[in-house]
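J.: If you read the sequence shown in my numbering, its first letter stands for residue 47, the second for the next number, and so on.
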Amino acid sequence: MSRKPIILLGMYQVNDIYKLLIQNLEKQGFQVVDISYNHIAPPFKYSSLKMRLGAFWCKKVLKQKKKKEILRKKARLRHFTKIYQEMMEKIKTYEYFDYALFLNGQIYPKYLLEQVKRKTEKLMVAYQWDGLDRFPKIWESIDIFDKVYAFDPEDNRKYRDKVIPAANFYFEVDQPTDTGNRYDFYFLGSHVPDLGRDKAISTFYEYAEKKGWKIDFTIFHVNDGSLNEHSDVYPDSIKATAEPLTFEDNIKREMQSRVLLDFKAAVHTGLSFRTIESVGYRKKLITTNAEVAKYDFYHSDNIYIWDGKTFDGMEAFLDKPYRELPPEIYQKYSFDNWLRYILDLPPYQEITLPE
């Protein structure tokens with residue numbers, strides 16, 4: 047009996063997408079070594095009354111106004127140093143890995159990546175699903191990887207000697223037995239000011255609400271400060287949460303919706319997961335990312351490119367039935383094909399981006 051190839055997986059744990067990655071890697075016959083982690087540090091807390099009083103003394107008496115920030119940075123460093131040490135111990139228990147796959151490799155220290163590289167026999171790859179200039183720390187370790195894939199066409203144009211084109215993917219899931227749609231429109235997104243999309247989100251929501259359409263909008267806030275400002279940025283009836291919805295639950299909600307909504311982040315032009323999921327789950331899409339028209343799955347019956355302001359032609363678009371695409375398009379953007387392409391395991395369809 048042949049052994050299973052071993053693949054090391056490194057990535058974020060936010061919204062539990064890593065669990066679906068592991069499940070699907072195992073379906074493809076891999077033994078998975080998981081070193082994913084929550085890259086967001088826990089809220090800072092004074093470890094004792096003595097520490098709190100000491101910080102107060104430094105601030106008020108010694109005029110060291112940044113004392114708390116210094117303590118916060120030290121606590122953060124200790125927190126992640128411990129996590130990285132545990133990862134290194136786990137890595138040591140394996141003689142080798144056949145493959146290593148990092149999604150957003152900039153969240154790992156260089157020394158850890160170098161250790162993985164020494165133990166990887168076939169291919170060590172990174173897939174960047176955020177713009178390279180948004181998280182430039184990847185440049186510190188980019189040469190450690192055998193291949194680095196980027197989802198943003200602009201990154202592939204600027205850094206074609208360093209990165210290879212790829213796009214996001216969708217997980218193939220069982221279709222629900224209840225084929226009815228609970229919602230006309232569905233959107234789940236994070237509130238991050240530099241994404242520059244809050245005005246478009248609010249404008250669409252208010253229009254849809256006036257039309258009496260069934261809407262499911264939720265904004266995830268990464269901290270309490272952002273959560274407290276929710277009603278200053280968005281209409282009160284848009285749901286706010288500090289608890290991220292799991293990736294699996296998000297897919298279930300997409301399945302229950304007639305149209306998915308996508309509001310482009312100002313920091314890159316790459317296509318979001320929800321855009322690719324609209325293809326895989328055969329859902330109509332309204333998006334503010336005009337780049338989508340350059341992809342092979344684009345059809346004006348299925349995708350409406352919105353300018354973020356006016357609604358001309360939108361209702362006519364909604365009245366048209368979904369246009370079925372060629373089978374090879376659905377296969378191309380599946381996780382199965384994505385994985386084979388990323389790891390160079392033929393047969394696969396090459397995933398290209400607009401020039």
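Built from N, CA and C at the ideal position, the CB exists for glycine as well.
1) Residues in the same chain with beta-carbon distance under 7 Å from His276, minus the five sequence neighbours each way, listed in chain order, please.
2) Taking buried to mean at least 16 other C-beta atoms within 10 Å of its own C-beta, is Ser346 buried or exposed?
3) Counting along the chain, where does the alpha helix (DSSP H) carrying Ile297 start and finish?
4) Glu300: buried (16+ other C-beta within 10 angstroms of its C-beta) or exposed?
5) Relative to the C-alpha of Met170, which candidate in Glu186, Leu147, Ile184, Ile153 has its C-alpha closest?
6) Can you give me the start and stop residues for the alpha helix (DSSP H) that Gly326 sits inside?
7) Note down the Cα distance separating Asp342 from Lys119, rounded to an integer number of angstroms.
8) Hey, how far is the Cα of Asn226 from the Cα of Leu158?
9) Terminal residues of the continuous alpha helix (DSSP H) containing Tyr376?
10) Which same chain residues, not among the five before or five after Ser187, have their C-beta less than 6 Å away from its C-beta?
11) State yes or no: is the C-beta of Ile63 within less than 8 Å of the C-beta of Phe143?
12) So, does the segment 325 to 336 touch the segment 304 to 315, judging by three or more C-beta pairs under 8 Å?
13) Spatial neighbours of Leu385 within its chain, please: C-beta separation below 7 Å, excluding the five flanking residues on both sides.
14) How about Ile397 and Lys378: do their beta carbons lie closer than 8 Å?
15) Are Ile81 and Lys136 closer than 8 Å when you measure CB to CB?
16) Which of helix, strand or coil does DSSP assign to Gly56?
T.: Looking at the atomic coordinates:
1) Ile265, His267, Ala286
2) exposed
3) 293 to 301
4) buried
5) Leu147
6) 319 to 326
7) 46 Å
8) The sequence shown places Gly at residue 226, not Asn. Between Gly226 and Leu158, the C-alpha separation is close to 48 Å.
9) 373 to 378
10) Lys156, Leu159
11) no
12) yes
13) Gln74
14) yes
15) yes
16) strand
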